[in-house]
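Participant:
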Amino acid sequence: MSDADLAAHLAEVAGRILTEVRSSGLFSPKALGKAGDQTANQFLCHALRETRPEDGLLSEEEKDNPIRLDKSRVWIVDPVDGTREYGEARSDWAVHVGMAIDGQPAIGAVALPGLDLTGTGSGTVLRSDQPRPLPSAPERLRMVVSRTRPAAEAVAVAQTLDAELVPMGSAGAKAMAVILGQADIYLHSGGQYEWDSMAPAAVAIAHGLHASRIDGGPLRYNQANVYLPDLLICRKEHAEKILGLIAELASEGANAPE
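Our numbering puts the sequence shown at residues 166 to 423.
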């Protein structure tokens with residue numbers, strides 16, 4: 166099984182496991198997120214150690230092993246991205262399985278178990294090795310933002326662009342919304358970690374989208390400090406303008422009177 170096939174298979178199976186855990190009815194809403202996270206994490210980490218024992222591994226729900234820093238190939242997983250949305254039985258949560266090679270987002274699969282686009286009842290998996298055509302952008306752009314705490318920079322850029330704000334849950338769901346034509350821009354500056362963006366970035370890049378830090382710098386993974394607080398995913402034709410607006414806002418903030 167290729168690395169891309171493995172990533173997609175693991176993400177899809179983990180999504181099914183999570184759906185079963187939720188439908189069991191055994192957990193309170195508060196306990197459901199923890200139960201789902203731990204169950205999916207056990208599956209993903211055991212499966213990766215069994216099938217790719219020589220690779221490094223970084224998971225949100227696993228104690229970090231610094232041995233990964235000496236590896237060229239490192240799997241980076243988020244068993245449940247959007248724990249709150251998962252617990253609320255919404256569709257905007259995801260499972261991230263991806264691989265960074267020499268720090269670059271090389272392979273990714275993002276499962277959206279609550280979004281059934283095929284009518285099979287098994288959710289949707291977007292893959293870096295199987296890019297799909299991007300829908301045409303509408304005349305008025307749409308920007309996905311957190312449904313509970315939209316970042317100030319994102320709101321300000323959206324106002325300047327006259328872009329419609331689309332509240333949504335998990336980072337993976339937001340990034341995939343750009344691919345699926347549900348949005349055109351995903352701008353985040355409120356704090357994230359490598360597992361929040363690695364697989365989504367790999368999938369977005371494979372679909373021809375722009376993916377970077379909000380200062381235009383590259384996304385680097387498998388770092389000693391896994392905090393990766395900001396992200397821009399959008400159509401390439403919009404990237405320069407958005408990055409310019411972000412820089413202007415940062416400059417205005419730095420020059421504002423005390």
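The C-beta atom is built at its ideal place from N, Cα and C for all residues, glycine as well.
1) How would you call D168, buried or exposed, if buried means at least 16 neighbouring beta carbons within 10 angstroms?
2) Between P303, G273, T204, P278, which lies nearest to D428 when the distance is taken from Cα to Cα?
3) If you scan the region 288-355 from start to end, which runs of the beta strand (DSSP E) of 3 or more residues do you find wholly inside it?
4) Suppose contacts are defined by Cβ-Cβ distances below 7 Å. Is D257 in contact with A338 by that definition?
5) Tell me whether N390 is buried or exposed, calling it buried when 16 or more other Cβ atoms sit within 10 Å of its Cβ.
6) Might you give, ordered along the chain, the residues of its own chain that have their beta carbon closer than 7 Å to the beta carbon of G409, omitting 5 neighbours on each side?
7) Please name the residue or residues paired with R238 in a DSSP beta bridge.
8) Could you give the distance in angstroms between the alpha-carbon of P422 and the alpha-carbon of A328?
9) Check A389 in the structure and name its three-state DSSP category.
10) Nearest to E185 by CA position, among E215, A205, W360, I370, is which residue?
11) Hey, is the region 185-194 in contact with the region 344-360, meaning 3+ C-beta pairs nearer than 8 Å?
12) Shortest alpha-carbon distance to A265 belongs to which of Q388, S301, D170, V309?
13) By the three-class DSSP mapping on this structure, what secondary structure does D202 have?
14) Who are H375's beta bridge partners in DSSP?
15) Name the one or two DSSP bridge partners that D243 has.
16) Taking the alpha-carbon positions, what's the P424 to D229 distance?
17) I'd like to check one pair, A276 with A340: are the Cβ atoms closer than 7 Å?
18) Quick one, are the C-beta atoms of S377 and L397 less than 7 Å apart?
19) DSSP three-state label for L209, please.
20) Kindly indicate the opening and closing residues of the beta strand (DSSP E) around I224.
21) Pull up the distance between the alpha-carbon of D380 and that of R307, whole angstroms please.
22) For G252, which of helix, strand or coil comes out of DSSP?
Facilitator: Once the coordinates are examined:
1) buried
2) With the chain covering 166 to 423 only, the question about residue 428 has no answer from this structure.
3) 289-292, 307-311, 329-333, 350-353
4) yes
5) exposed
6) none
7) I266
8) In this predicted model, P422 has a pLDDT of only 42, less than 50, meaning its place in the structure is not dependable enough to derive any value.
9) coil
10) A205
11) no
12) Q388
13) helix
14) C399
15) H261
16) For residue 424 there is no data in the structure shown, the boundaries of the chain being 166 and 423.
17) no
18) yes
19) helix
20) First, the amino acid is wrong: residue 224 is Ser here, not Ile. Where S224 is concerned, the enclosing beta strand (DSSP E) stretches over 221-224.
21) 21 Å
22) helix
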